[in-house]
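The structure under discussion appears below in the form of structure tokens.
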Amino acid sequence: MRDEKIFKDNWSFLEKEAQKIKKISMRDLFLDKSRANDFTQSFSDITIDYSMNRINKDIMKALFNLAESSDLKNEIKKMFSGEKINITESRAVLHTALRNVSNNPIYVDGKDVMTEINQVLEKMKNLSNKIIKGEWKGFTGKKIKNIVNIGIGGSDLGPKMAQLALKKYSNRDLNFRFISNVDETNFYEDVKFFDPEETLFIISSKTFTTEETMANANLAKKWILASMKDIESIKKHFIAVSTNAGEVKKFGIDPDNILEFWDFVGGRYSLTSAIGFSLMISIGYDNFYEMLKGYHEMDMHFLNADFSENLPVILALIGIWNNNFLGYNNIAILPYDEYLSRFPAYLQQLDMESNGKSIDKNGDKVKLETGPILWGEPGTNGQHAFYQLIHQGTKIVPVDFIGFRKDLNGEKDSHDRLISNMFAQAEALCFGKTFEEVLETETKDEFLAKHKTFEGNRPSNKILITELSPKTFGELVALYEHKIFVQGIIWNIFSFDQWGVQLGKVCAKKILKEIQNSLELNHDSSTNNAIKWYKNI
Ligand code: F6P
């Protein structure tokens with residue numbers, strides 16, 4: 139049970155501390171030589187240095203109290219044990235079961251879900267091996283060379299981001315494409331140079347009803363049939379990943395080519411389910427399994443470690459501190475690694491679809507700020523684009539810098555430069571450069587010196603990882619998944635539904651009918667005008 143009294147006491151304490159600490163500079167806070175060590179925590183291959191946030195030990199203690207009084211320990215246990223914590227959809231939340239490599243039973247409605255999870259994993263292993271070895275032949279007997287994942291949201295962002303992140307470990311003989319947007323350009327630009335006879339589509343959709351995915355799947359079907367002119371060719375060129383076997387069969391995909399998953403896996407948490415099948419083809423089963431092990435290690439750490447040593451809990455609390463007490467309403471994810479270039483986009487869905495809520499678990503309007511606006515790009519590109527605002531703008535942007543010790547491509551000099559930039563940016567954001575320092579070192583012109591001054595005191599975390607491998611990648615993604623969970627618990631909102639995406643879908647269906655037929659328009663004048671403009675009326 140949440141202890142509202144302790145929660146409120148700590149909340150009020152933190153509100154007061156926020157006002158006090160805003161008046162203390164990071165330079166002063168770092169006079170304490172043990173600060174970096176005091177606010178650094180490691181687990182397995184990941185170290186988080188969160189000392190460059192405007193915190194002190196009392197603040198951290200009160201933040202941990204917030205977590206305790208939100209009954210976080212118990213809520214974590216409920217999720218891992220398969221309780222139906224996704225109340226508004228009446229579902230368990232068991233992405234952690236997908237990577238439960240220790241294989242202890244987990245029950246939902248009296249059934250051990252591990253049996254089916256292991257069966258699907260085995261099927262993925264066999265199918266991916268066949269494709270990698272060239273034993274899976276297209277309808278005309280040609281080897282498959284092109285893998286095209288069609289899906290959107292969680293059925294696209296995870297596989298696409300991970301395929302890129304783990305490219306170093308990938309099979310370079312195969313081409314991979316990811317089609318998500320309903321814009322036909324996405325389909326034609328990505329597949330038009332492929333030979334249909336060598337192309338395999340993976341239609342990834344939990345529901346198998348998502349408009350964009352079904353429209354693209356139908357384009358793919360048309361493209362395959364135009365080339366092979368035989369309905370039987372569908373069997374050799376389509377695999378489906380879905381919870382909805384009925385709809386998959388209606389589409390014409392061979393039931394043997396269905397990879398199942400379950401409603402206890404949320405779309406944005408589904409990368410380690412069969413939704414990751416394209417990734418498995420890319421990196422092979424063994425690497426995929428290493429990734430699952432990394433996820434599982436972080437899962438167990440999250441479940442078992444004390445909050446004061448628990449990386450997802452610490453990251454979540456720092457986020458809450460910045461968001462709720464210092465009023466910084468967004469967060470930038472800045473990976474200093476090109477392989478992670480899609481990681482911010484992936485986290486955008488994970489975080490914003492989970493915690494972009496304004497009704498709490500009691501059905502009341504929330505009285506506190508919930509999920510932040512999340513955005514980001516890989517460094518150092520961002521340094522030459524939007525970092526100006528992060529350093530000198532009026533908005534404060536808390537940053538997660540992500541960097542790796544080892545370079546993967548043997549160019550140590552480039553890697554040294556990359557990581558130096560990351561450390562330098564964190565340092566510059568934190569300590570800035572005073573007006574007096576500018577006058578002393580750069581110019582005697584006071585007008586110019588004002589423009590060259592950096593206020594500093596801008597918060598960041600350094601997430602330091604030994605090297606980018608399937609295992610550390612799994613640890614990293616699980617770290618953020620659980621961070622988001624913790625924040626949802628503290629804000630007392632439901633993190634596993636996404637009702638906010640429904641209204642737009644319903645409106646689009648109605649408008650599509652109006653665009654494709656002669657119907658009376660009864661929207662507002664702006665929407666009516668837009669429809670008329672499109673129809674060129
Ligand atoms: O509309 C949002 C959403 O439901 C996401 O939560 C989900 O990841 C995406 O659409 C795709 O859904 P599906 O896998 O069912 O096609």
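At position 71 of the sequence shown the residue is numbered 209 (the numbering used here), and the sequence of numbers has no breaks.
C-beta: ideal position from N, C-alpha, C; glycine also.
For clarity, every value in this text was computed on a predicted model and none was experimentally measured.
Exposure label - residue i; buried when at least 16 CB within 10 Å
i	result
Pro393	exposed
Cys645	exposed
Thr348	buried
Lys609	buried
Arg375	Sequence inspection shows His at residue 375; the Arg mentioned does not correspond to that position. Classification for His375: buried.
Thr518	buried
Val624	buried
His233	buried
Tyr427	buried
Other residues of its chain near residue i: CB distance less than 6 Å, five sequence neighbours each side excluded
i	result
Asn287	Pro297, Phe316, Ile340, Ser342 and Ser416
Phe399	Thr381, Ser411 and Ala412
Val239	Leu430, Lys431 and His434
Arg237	Thr410, Leu430, Tyr433 and His434
Ile469	Pro510, Leu512 and Pro536
Lys137	Look at the range of the chain in this structure, 139 to 675, and you will see that residue 137 is not part of it.
Asn395	Ile377
Arg573	Reading off the sequence, residue 573 comes out as Phe, not Arg. The answer, listed in chain order, is Ala587 and Thr591.
Gly390	Ile372
Residue interval of the beta strand (DSSP E) (run including residue i)
i	result
Thr234	No beta strand (DSSP E) holds Thr234; the alpha helix (DSSP H) holding it covers His233 to Leu236.
Leu472	Asn468 to Pro473
Phe611	Element bounds for Phe611: not the beta strand (DSSP E) but the alpha helix (DSSP H), Pro608 to Trp629.
Ile391	Neither: Ile391 is in no beta strand (DSSP E) and is coded neither H nor E.
Leu338	Thr337 to Ser342
Lys499	Element bounds for Lys499: n/a, residue is neither H nor E.
Residue i: CB within 7 Å of a non-hydrogen atom of the ligand F6P
i	result
Val286	no
Ser318	no
Arg406	yes
Glu491	yes
Gly414	no
Val504	no
Ser293	yes
Lys344	yes
Val639	yes
Gly289	yes
Thr410	no
Thr348	yes
Gln530	no
Thr226	no
Gln486	no
Gln526	no
Closer than 7 Å: residue i CB and nearest the ligand GDP heavy atom
i	result
Ser552	Annotation note on the ligand GDP: not contained in the displayed structure, which lists the ligand F6P as its ligands.
Chain-order list of residues whose beta-carbon lies under 7 Å from that of residue i (same chain, five-residue window excluded)
i	result
Lys544	Thr604 and Glu605
Ala616	Tyr433, Met436 and Asp437
Glu447	Gln179
Ile653	Ile669, Tyr672 and Lys673
Lys387	Pro393
Supposed close pair residue i, residue j - CB separation, criterion 8 Å
i	j	result
Leu577	Ala587	5 Å
Glu613	Ile184	6 Å
Phe314	Leu357	Not a contact, Cβ separation roughly 18 Å.
Phe634	Gly404	5 Å
Lys271	Glu336	About 15 Å; that fails the 8 Å criterion.
Asn460	Pro597	6 Å
Asn493	Ile362	Not quite, the Cβ-Cβ distance comes to about 40 Å (not below 8 Å), so this is no contact.
Own chain partners of residue i with C-beta closer than 8 Å, once the 5 adjacent residues on each side are dropped
i	result
Asn595	Ser163, Met164, Arg192, Cys568 and Gly570
Tyr477	Leu302, Ala303, Leu304, Lys305, Lys306, Leu546 and Leu606
Asn241	Met252 and Asn256
Leu204	Phe145, Asn148, Trp149, Leu152, Leu455, Ile458 and Ile628
Phe177	Asp187, Tyr188, Ser189, Asn191, Ile193 and Met198
Leu506	Asn462 and Trp629
Alpha helix (DSSP H) segment containing residue i, residue limits
i	result
Asn356	Glu349 to Met366
Ser633	Note, Ser633: premise wrong, no alpha helix (DSSP H); not H, not E.
Trp671	Ser663 to Tyr672
Leu556	Lys550 to Phe569
Leu430	Phe415 to Asn442
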